[in-house]
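A.B. asks: Got a structure for you, questions after.
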Amino acid sequence: MTEHTDYSTLDAVPAGLQAALWPEARAKAAAETAAPLVLGRESSWSFRTVRSLARDGLVEPDAILQMVHAPDTPARLHPAPEGKAVGFTAQGLDQFAVRLKGPEPEKPGAPRGRVCVIDIYSRHFGLTNRPFALTPDTGFLFWSEAHQHAYTTMEYGILTKSPITLVTGDIGAGKTTLVQHLIERITVTGDLRIGLISNAQTSRCEMLRWVMMSLGQFTDPEATDPELVDAFNAYLIDEYAQGRRTVLIFDEAQNLGPDALEELRLLTNINTNKDVLLQLVLVGQPELRNLVDRDDSLPFAQRIATSFHLGGMDLATTRDYIGHRLKVAGARQNLFSDAAIQLIYDATGGIPRRINQLCDLAMVYAFTSNLRSVVRFTVQQVLNDGTFFGATPAMSDHVSGSVH
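If you're matching positions, the sequence shown starts at 171 in my numbering and goes up one per residue.
Here it is in structure tokens:
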């Protein structure tokens, strides 16, 4: 699923978003330079990071700063070459900031001229935070029945000293957020050592280096495969002698191959019925379950004590999910109509990340139309403009249809 969309010319920007491109600044620039403006060092426009900087007269166009690596190295607003579009380097919302006109309230110890994060619609809707960001955030964690089951599966596997626990789910179903919450919860105990491996490698030697790195252990770059295995086993024994078990959590574990699964199984051979030194938690996309179901993965599958698959939410849960995230962000009521939620559900299949993407865009569209809530027509505009790329196959065939 594509998170950013780039347009090579301003004409290609959907009409529903053009109001977010600071009309006053664009009009002024067009009159002076006969060309649009470019923010930053790229010539492409990322619709997910566009923010209305001139609304309410709070921000002057020449006060825009772009924070890429350091706030002290801003890229100022400047004219674009002929034919280029308004653009950002797509570094994400939190890396864009503006200086407000007039004196800013100073906090004790705060540096002068501090910048504030841009958020296009939160103030308009009376929110304290952006409710539908795509990055995992445990503060917005929504406990649907399925998410409770998935989390309980991981927690139960660890508490019962299961050798291997397996959790799969659709892309964007919320697996990584659950993993982060699990780590936050279990790291407060003193009897566990947690290693998180997000870049699983199929090479045994490389995988062991990632494993040792996740546990904060140095490995000799020249170490051979047997030496790495010996060092890892020595680490497990030392931790166990101090009363701690080691838990390795593999996120995006579908990238592991059959050989890697077999190597992981062999690592758990250090366990006995009485002593459990190592536990594995594998979290990944549905392909992971297919990988484990292979005939040559049978020895690995037989050590899986518990597993769960996390799918999309139903319509009622989707409605509760949207309301929950809005409430966490400061909303006093659900800002989406029932008809809008129905269309969002149809277009996303109830997958949280897709819901976030479509809801975020719908709120941008509602803001630019000066609406105080999101109705079905607004969601349909987003779909018709083609700025949402997470639509289910069934919906994709109807996106270009007229709105009634």
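For each residue, glycine too, the CB sits at the ideal point set by N, CA and C. Small disclaimer: the values here were computed from a predicted structure and weren't measured.
Could you check what DSSP says for G339 in three-state terms: helix, strand or coil?
C.D. replies: strand
A.B. asks: Would you be able to state if there are at least three C-beta pairs under 8 Å between the segment 474–493 and the segment 516–528?
C.D. replies: yes
A.B. asks: With 16 as the cutoff for other CB atoms within 10 Å, does T305 come out buried or exposed?
C.D. replies: exposed
A.B. asks: Grab the span of the alpha helix (DSSP H) containing A509 for me, first residue to last.
C.D. replies: 508–518
A.B. asks: So the candidates are H351, H317, V446; which of them puts its Cα closest to the Cα of D340?
C.D. replies: H317
A.B. asks: Comparing the CB of G481 with every heavy atom of the ligand ADP, is any distance shorter than 7 Å?
C.D. replies: The ligand content of the structure shown is nil, which means the ligand ADP is not present either.
A.B. asks: Alpha carbon to alpha carbon, how far is P456 from T438? Give it in angstroms, no decimals.
C.D. replies: Between the alpha carbons of T438 and P456 lies a gap of roughly 24 Å.
A.B. asks: Just to check my reading of the structure: H494 and F312 have Cβ atoms closer than 8 Å, yes? What is that Cβ distance to the nearest angstrom?
C.D. replies: Indeed they touch by this definition, with Cβ atoms about 5 Å apart.
A.B. asks: Among T557, P469, G309, T335, which has the Cα closest to the Cα of E433?
C.D. replies: P469
A.B. asks: Which of the three DSSP states is assigned to H317 in this structure?
C.D. replies: helix
A.B. asks: Whole-angstrom Cβ separation of I364 and V381, contact assumed at under 8 Å?
C.D. replies: Not quite, the Cβ-Cβ distance comes to about 12 Å (not below 8 Å), so this is no contact.
A.B. asks: According to the Cβ coordinates, are T451 and T347 closer than 8 Å?
C.D. replies: Here residue 451 is Val; the residue named in the question, Thr, does not match the sequence. Taking a C-beta distance under 8 Å as the contact criterion, V451 and T347 do not qualify as a contact pair.
A.B. asks: For L223, count neighbouring Cβ atoms within 10 angstroms of its own Cβ and tell me buried if that reaches 16, exposed if not.
C.D. replies: Legend: pLDDT at L223 = 36, less than 50; position of this residue unreliable, value from coordinates given subsequently. Around the C-beta of L223, 16 or more other C-beta atoms lie within 10 Å, and the residue is accordingly described as buried.
A.B. asks: N403: which of R355, Q350, L418, L447 sits nearest, CA to CA?
C.D. replies: The closest CA to that of N403, considering only R355, Q350, L418, L447, is found on L447.
A.B. asks: How many Å lie between M237 and A510 at the Cα?
C.D. replies: Summary for M237: the model assigns pLDDT 29, below 50, so the residue's position carries little reliability, and this model does not support an answer.
A.B. asks: What residue does the alpha helix (DSSP H) around I356 start on, and which one ends it?
C.D. replies: 345–356
A.B. asks: Opposite I419 in the DSSP bridges: which residues?
C.D. replies: L366, V451
A.B. asks: Using only CA atoms, which one of S384, T442, V549, L378 lies nearest to D508?
C.D. replies: V549
A.B. asks: Taking one C-beta from the segment 537–551 and one from the segment 289–297 each time, how about it: are there three or more such pairs within less than 8 Å?
C.D. replies: yes
A.B. asks: Which residues mark the beginning and the end of the beta strand (DSSP E) in which F478 is found?
C.D. replies: 474–480
A.B. asks: Is the beta carbon of E422 closer than 8 Å to that of G386?
C.D. replies: no
A.B. asks: So which of G342, I353, L418, I525 has the shortest CA-CA distance to P333?
C.D. replies: L418
A.B. asks: V399 by DSSP, collapsed to three states: which one?
C.D. replies: helix
A.B. asks: How is V552 classed by DSSP in three states: helix, strand or coil?
C.D. replies: In this structure, V552 counts as helix in the three-state DSSP scheme.
A.B. asks: State the beta-bridge partners of I334 as determined by DSSP.
C.D. replies: L450, I474
A.B. asks: Within 10 Å of its beta-carbon, does T323 have 16 or more other beta-carbons around it, so buried, or fewer, so exposed?
C.D. replies: buried
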